[in-house]
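For the sequence shown, full-length UniProt numbering gives the first residue as 1, with consecutive numbering after it.
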Amino acid sequence: MDLAEIVGFVTGAVCVWLAVRQNVWTFPVGLANNAAFGVLFAGAGLYANAALQVLFAVVGALGWYWWTRRGPDGAGLVVRRTPRWAWGAAAGATAVLTAAGVVALAAWTDSGVPFWDSLTTATSVVAQVMLGRKWLGNWFVWAATDVVLIGLYASQGLWLTAVLYLGYLGLCVAGVRRWRRALRDAGAHGPAATRPGAASADPEPAAHR
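What follows is the structure in structure tokens.
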């Protein structure tokens, strides 16, 4: 166990906990997590997951912008159900990114798990984009990804990280429950409360995160 894995463990747990609570600080904490895991995964030979941290940083910055942007009426992004078209787009993006990752890893690296490394990279990018849009479905994609990653990290001897992702599964359940409650609360206040520009149903103030 090294420093990068410890930092990744702590920042990862805090990042997901903040996301469950719709707290915008999830994004800057996530950037610190990206840096730690980038170093860790590169050293473990999980090159696609290492490269994923760069993509996460870019998508995380975009999500940060989406969560803090305000419309003309001063309202921000709220939790919404994932649009039907988004599931098809997510499946297509996952297939393309996974195939590209497998080809790249087989050609340019000595990765022993090119398919699983690439698949989890693809689904993680999809889940992160969904999180940035505050789509409820992000938690289901994260949960499926976490199940695969637990086995992948354990197989590489990254036991602390495997335990972290086991904890992520619990946080995914908490995220689904909390975000569904936010949807119900928004619906109770009428259709206007559920449109993209409506104010968040989360009672906590969003410290500018």
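Glycine residues also receive a C-beta, built at the ideal position from the N, C-alpha and C atoms.
Being a predicted model, the structure only gives us computed values, none of them experimental.
Between residue i and residue j, what straight-line distance do the alpha-carbon atoms span, to the nearest angstrom?
i	j	result
Ala61	Phe27	7 Å
Arg177	Asp110	41 Å
Val29	Ala99	30 Å
Leu52	Gly38	8 Å
Leu40	Ala154	14 Å
Ala50	Val16	19 Å
Leu158	Leu18	24 Å
Val10	Val102	30 Å
Leu97	Trp85	18 Å
Asp146	Tyr165	6 Å
Ignore the nearest five residues each way along the sequence and tell me which others in residue i's own chain have a CB closer than 8 Å to its CB.
i	result
Ser200	For Ser200, the predicted structure reports a pLDDT of 39, less than 50, and the residue's modelled location is therefore unreliable. A value from the coordinates is still provided. So the list reads Gln22, Gly76, Leu77, Val78, Val79, Ala182, Ala206, once near-sequence residues are dropped.
Ile6	Leu160
Leu105	Tyr47, Ala48, Ser111, Pro114, Asp117, Ser118
Just to confirm the assignment, what range does the alpha helix (DSSP H) spanning residue i have?
i	result
Pro28	26–44
Leu18	3–20
Excluding five sequence neighbours on each side, which residues of the same chain lie with their C-beta closer than 7 Å to the C-beta of residue i?
i	result
Gly167	Ala13
Val126	Ala90, Ala93, Thr94, Val141
Val20	Leu171, Ala174, Gly175, Arg178
Pull up the DSSP beta-bridge partners for residue i, would you.
i	result
Arg80	Trp135
Counting only the same chain and skipping the five closest in sequence on each side, list residues whose C-beta sits under 6 Å from that of residue i.
i	result
Asn138	Ala127, Met130, Leu131
Trp64	Phe27
Review point. Considering only residues of the segment 79–126, which uninterrupted alpha helix (DSSP H) runs meet the minimum length of 4 residues and lie entirely inside it, listed in chain order?
Key: 84–108
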